[in-house]
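Novice: Submitted below is the structure of interest, expressed as structure tokens.
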Amino acid sequence: MRQDHEIPPAGPGPTPPEDPQTQGPSLEVRIARAGADLRDTLGAVVEAVPNLPAGPQALARRVGIDKVLASRLLKAVRSPDPMSTIHRIPGPEPLRRALRAMSRQGVPPALVHSATAAVDRFDDLVRAELGDRSSLDALISAWAPEARREFELRRKQAAFRAMSQLRGVEASTLMATVFLHPSPDGEHVDIVWLNGLYALHRIRPGVPVKFATRRMSAEAGARRPTTLDGQPVDDAGSALLESFCSSPAPTLRVQRIGEVVHYALADEGFGPRSAVDIVFTEVNRGEVRRFNPPGVHRKGYVFAEVSTPAKALQFDAFLHEDVYPRSRPTLRLYDTSFEGVADVNNEARDADLFDTLETIEPLGAGLASRRSADAPRYDELLALVAERMNWDPRAFRGQRCRIDYPIYGSQVAMVFDRPQRPA
């Protein structure tokens, strides 16, 4: 999903591409040239400050500007790439303020004039072509990887703040851990979900707090979720792992509708002091097919839904060594706002994919000593599941996708190549 774009050089090089509409340099080239212009002219002014001190704090004290402005200015003029300069450069007004301050320190007027002119050209370019700095940041994120990471994180953080206020609920961490193990019949896969919502609380009184588990296809018969002890999940109290929840244990309501199990927080408290930790499990025997029948080429997949605004999502998948043994998972993030939760085998849903920098990290073999900075006593949770299910913890391999400020309403899917049934 990630796309890398080559940044044109600021100095001599191949003739830059032309925009067919204007028969002139493309916007990308003009922005890169503006970056080189700012870097060179502002850099010359900085270097001309008498007795130039080292570091942003010393520069701020020397010329009388804010240390944050000094830090961004130094990072911008020291960036080797012009797009990185544009990404790091302060806005036009702070730059003009910094130039006035440095001019009072004895910098030659000609250097200050050149830098001021470069700032004015940059300001005009942004206003005429993009409208504002926010639009420029969005554009730069497509060309500079470090700009994209920062752009995505800031926008996701802003989206979290907005959605938590609108929905009236938030959590610090969503934990979604799934185990895939061969079923006794050899034809299907048993799936166990270990779910956690940490520091879950209402921001406003009276708002519903709900989440769900589901399966997207009924290819393996009716879905009958149970607890680790084999009891039907008819009330959430039986599915809760109370020793891993906050005390007193929260109360959940459960409703099963077809392939979906709906959970709702029954407690009525609100505010940070009402925050609860909820950890529960679901066991689904024979949940999906282990192999593709002849002539069928469906993918295997598991997914986590971001139905609660949260600061972090930890999505782990632990596969038994005999489940999809030679498959390396790929990551897909879907927008569910229009068509709902996606079946990854439906190519029409490719139009709903988010293009983000999120990745999958291999965790290696075994469940032992798998820890988490987000989920307390995570290694104990994994050991408990393996013990209750009578599984060999050494027979699993793990994958993790951790996302800061996951997009509310998104579906995070790990996709595997499902093998054909052996002869």
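Residue numbers (the working numbering): 883 to 1305.
Backbone N, C-alpha and C define an ideal beta-carbon position, used for all residues, glycine too.
1) In whole angstroms, what is the alpha-carbon distance linking Gln1113 and Leu1018?
2) Using a Cβ-Cβ cutoff of less than 6 Å, which residues in the same chain neighbour Met984 once the five nearest sequence positions on both sides are dropped?
3) Can you say whether Pro1175 is buried or exposed, counting buried as having 16 or more other CB atoms within 10 angstroms of its CB?
4) What would DSSP say about Gln1137, mapped onto helix, strand or coil?
5) For Pro1322, collect the residues of the same chain with a Cβ closer than 7 Å to its Cβ; drop the 5 residues on either side in sequence, then sort them by chain order.
6) Give the straight-line distance between the Cα atoms of Gln903 and Glu1011, rounded to the nearest whole angstrom.
7) So, under 8 Å CB-CB, Thr1095 and Glu1164 are touching, yes? Tell me the CB distance rounded to an integer number of Å.
8) Where does the unbroken alpha helix (DSSP H) through Ala981 begin, and where does it stop?
9) Please specify which runs of the beta strand (DSSP E), each continuous and at least 3 residues long, are wholly inside the region 1198 to 1241, giving them in chain order.
10) Quick one: residues in its chain with C-beta nearer than 6 Å to the C-beta of Ser1054, no 5 flanking neighbours on either side, listed in chain order?
11) Between the alpha carbons of Thr1241 and Arg1284, how many angstroms are there, rounded?
12) With the cut-off set at 7 Å, would you say Tyr1183 and Val1226 are in Cβ contact?
13) Tell me whether Leu1134 is buried or exposed, calling it buried when 16 or more other Cβ atoms sit within 10 Å of its Cβ.
14) Mind reading off the beta-carbon distance from Ala914 to Leu955? Whole number of angstroms is fine, and I expect it under 8 Å.
15) Leaving aside the five residues before and after Ala1029 along the sequence, list all residues of the same chain whose C-beta is less than 6 Å from its C-beta, in chain order.
16) Going straight from the alpha carbon of Ala1040 to that of Pro990, what length do you get?
17) Are Leu1122 and Val1267 touching if we call contact CB-CB under 7 Å?
18) If I measure Cβ to Cβ from Arg1282 and keep anything under 6 Å in the same chain, skipping five residues before and after, which residues do I get?
19) Sort Gly988, Leu924, Ser1065, Met1057 by Cα distance to Thr998 and report the nearest one.
20) Assuming Asp1232 contacts Met1057 (C-beta within less than 8 Å), just tell me the rounded distance between them.
21) Assign Asn1166 to one of two classes, buried (16 or more other C-beta atoms within 10 Å of its C-beta) or exposed (fewer than that).
22) May I have the straight-line CA-CA distance separating Lys1038 from Pro1130, to the nearest angstrom?
23) Sort Ser966, Gly1168, Pro1154 by Cα distance to Trp1025 and report the nearest one.
24) Alpha carbon to alpha carbon, how far is Leu1215 from Arg1253?
25) Decide if Arg1300 is buried, meaning its Cβ has at least 16 other Cβ atoms within 10 Å, or exposed.
26) Classify Val1188 as helix, strand or coil using the three-state DSSP reduction.
27) Which residue or residues does DSSP assign as beta-bridge partners of Gly1280?
28) Measuring straight from C-alpha to C-alpha, what distance separates Ala1044 and Val950?
Specialist: Looking at the coordinates:
1) Linking Gln1113 to Leu1018 through their CA atoms gives a straight-line distance of about 56 Å.
2) Val927, Val931, Val945
3) That one is exposed.
4) Residue state, collapsed to three classes: strand.
5) Outside the displayed range of the chain (883 to 1305) lies residue 1322, so it cannot be described from this structure.
6) Because the pLDDT at Gln903 is just 46, under 50, the model does not fix this residue reliably, and the value given afterwards should be weighed accordingly. Approximately 14 Å between the Cα atoms of the pair.
7) 6 Å
8) Before going further, note that residue 981 is Leu rather than Ala in the sequence given. Start and end: 974 to 985.
9) 1212 to 1217
10) Tyr1080, Ala1081, Lys1193
11) 8 Å
12) A contact, by the Cβ cut-off of 7 Å.
13) buried
14) A Cβ-Cβ separation of about 19 Å leaves Ala914 out of contact with Leu955 under the 8 Å criterion.
15) His969, Ile1022, Ser1023, listed in sequence order.
16) Distance between the alpha carbons of Ala1040 and Pro990: 42 Å.
17) Against a cut-off of 7 Å, the Cβ pair of Val1267 and Leu1122 comes out as no contact.
18) Asp1198, Glu1243, Leu1245
19) Leu924
20) Separation of the CB atoms of Asp1232 and Met1057 is rounded to 28 Å, and the pair is thereby denied contact status at 8 Å.
21) buried
22) Whole-angstrom Cα-Cα distance: 33 Å.
23) Trp1025 has its Cα closest to that of Ser966, out of Ser966, Gly1168, Pro1154.
24) Just so you know, the alpha carbons of Leu1215 and Arg1253 end up roughly 25 Å apart.
25) buried
26) coil
27) For Gly1280, the pairing in a beta bridge is given by DSSP as Phe1200, Gly1246.
28) Straight-line spacing of the CA atoms in Ala1044 and Val950 works out to 26 Å.
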